[in-house]
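One structure below.
Numbering (my numbering), first residue to last: 59 to 420.
So, in structure tokens, the structure goes:
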């Protein structure tokens, strides 16, 4: 399970949650750690590993030791569609709870893995959404540090909303109230608190996360204190000083081509074609339309967006995630003359997020 390294060498085992916004910063953490002469193992699943394996192979050629360990994902056991291993592979975000449950069914395979890893693991860095890893940490007597990509502001607000039982005290979901305990006066409604548990399943899961956090050594965050000084200070107090803001992690990577490629499947058009086309456009003239890896549009919404971009009379790049809803758009592109009408004016990429320069307006 590893190359020949001294048993006393530090060995960090990282557990990213299976979603792009969670995995990419965790991979940045892995690359930061190996710069300090520690062994790093990243535990994930086959399809998620495939998104990052080429990048890690490139880094390992330089002598660093980042290992990707693949565990079979129990999607069938959790009631997910065949082959679903990432939040962006769900047909509907309404089944996201199943993915969280599947991810937390990996406890036994991970326990077996830990018995085989060399050198013995020294520390776990786990996504907050994987509370089962606290049991691994306790069994092998090593510290668990949780990782969260949200801001101190968000977590402080959620903490005080739970402490004060705001959701139970306010019956009208549209009624504005002041978030208690935080440095600024912020008014929101219950309907806007999407991060709070929605039903008993989520409440139980959040309770597991809370218990794991209480038992963890500390927390690292993809934020920085200068961004939100008052909230970082207050949340650090709440965490009894066991909080470290280490962001923004994206700045640790200066390889722009790697940043464009990581976490992605092969682009539907060549990245150099992107760049050549962009270089031919006037500065600040191109519309860049991208709605992330989780947004699910209906076919009619996709068609309306396509027609709106065409009607803008501006050059554009539209990045679309692969989904089961693309058939209607493909028909528009191929059969209704859309492709010919936007030729030379627009690019549609169904998989790839690109690096951009001053040519683009967002």
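Virtual Cβ for every residue (Gly too), placed ideally from N, Cα, C. Owing to the predicted nature of the structure, the values given are computational and were not obtained by experimental measurement.
query	result
For residue 411, name the three-state secondary structure that DSSP assigns.	Unreliable placement is indicated for residue 411, whose pLDDT of 43 sits below 50; the coordinate value is still reported in the next sentence. In the structure shown, residue 411 sits in coil (DSSP, three-state: anything other than H, G, I, E or B).
Excluding the 5 residues flanking residue 189 on each side, which residues of the same chain have their C-beta closer than 6 Å to its C-beta?	266, 267, 270
According to the neighbour-count rule (16 or more other Cβ atoms, all chains shown, within 10 Å of its Cβ), is residue 244 buried or exposed?	exposed
Run through the segment 130-213 for me and flag every whole alpha helix (DSSP H) of 4 or more residues, listed as ranges in chain order.	154-161, 165-174, 191-197
Would you grab the beta carbon distance between residue 146 and residue 379 for me? Rounded to a whole angstrom, and I think it's under 8 Å.	6 Å
Residues bridged to residue 346 by DSSP?	375
Output needed for residue 68: all residues of its chain with C-beta closer than 6 Å, excluding positions within five of it in sequence on either side, in chain order.	96, 180
Between the beta-carbon of residue 405 and the beta-carbon of residue 361, is there less than 7 Å?	no
Is the Cβ-Cβ distance between residue 98 and residue 70 less than 7 Å?	yes
Drop a sphere of 10 angstroms on the beta-carbon of residue 205, count the other beta-carbons inside from all chains shown, and report buried for 16 or more, exposed for fewer.	buried
Using the Cα positions of residue 218 and residue 171, report the straight-line distance between them to the nearest angstrom.	38 Å
Determine the direct distance from the alpha carbon of residue 143 to that of residue 354, and round the result to whole angstroms.	17 Å
Got a sec? Which residues, its chain only, sit under 6 Å from residue 164 by beta carbon, not counting five neighbours each side?	129
Tell me the residue span of the beta strand (DSSP E) that contains residue 73.	69-73
Quick check on residue 326: does DSSP put it in helix, strand or coil?	Low local confidence applies: a pLDDT of 48 at residue 326 is under 50, so the model's placement there is unreliable, and no value is given.
With distance defined between alpha-carbon atoms, name the residue in 390, 339, 366 nearest to residue 402.	339
In chain order, what residues of the same chain have a beta carbon less than 7 Å from the beta carbon of residue 275, not counting five sequence neighbours either side?	201, 202, 203, 300
In three-state DSSP terms, what is residue 267?	helix
Leaving aside the five residues before and after residue 156 along the sequence, list all residues of the same chain whose C-beta is less than 8 Å from its C-beta, in chain order.	136, 137, 138
Using only alpha-carbon positions, find the residue among 208, 279, 399 that is nearest to residue 365.	399
Less than 7 Å between the C-beta atoms of residue 280 and residue 395, yes or no?	no
Looking only at C-alpha atoms, which of 215, 230, 223 sits nearest to residue 237?	215
For residue 257, does the count of other Cβ atoms within 10 angstroms reach 16, so buried, or fall short, so exposed?	exposed
Determine the closest residue to residue 351 out of 74, 93, 66, 151, with distance taken between C-alpha atoms.	151
Drop a sphere of 10 angstroms on the beta-carbon of residue 230, count the other beta-carbons inside from all chains shown, and report buried for 16 or more, exposed for fewer.	exposed
Is it the case that the Cβ atoms of residue 444 and residue 289 are separated by a distance below 7 Å?	An answer regarding residue 444 cannot be provided, because it is not within the stretch 59 to 420 covered by the chain.
Along the chain, where does the beta strand (DSSP E) that runs through residue 128 open and close?	124-128
Could you pull the start and end residues of the beta strand (DSSP E) that residue 79 belongs to?	Unbroken run through residue 79 is the alpha helix (DSSP H), 78-92; no beta strand (DSSP E).
Whose CA, out of 111, 302, 295, lies closest to the CA of residue 283?	302
According to DSSP, simplified to helix, strand and coil, what is residue 216?	helix
Could you tell me which of 307, 312, 261 sits nearest to residue 220, measuring between CA atoms?	261
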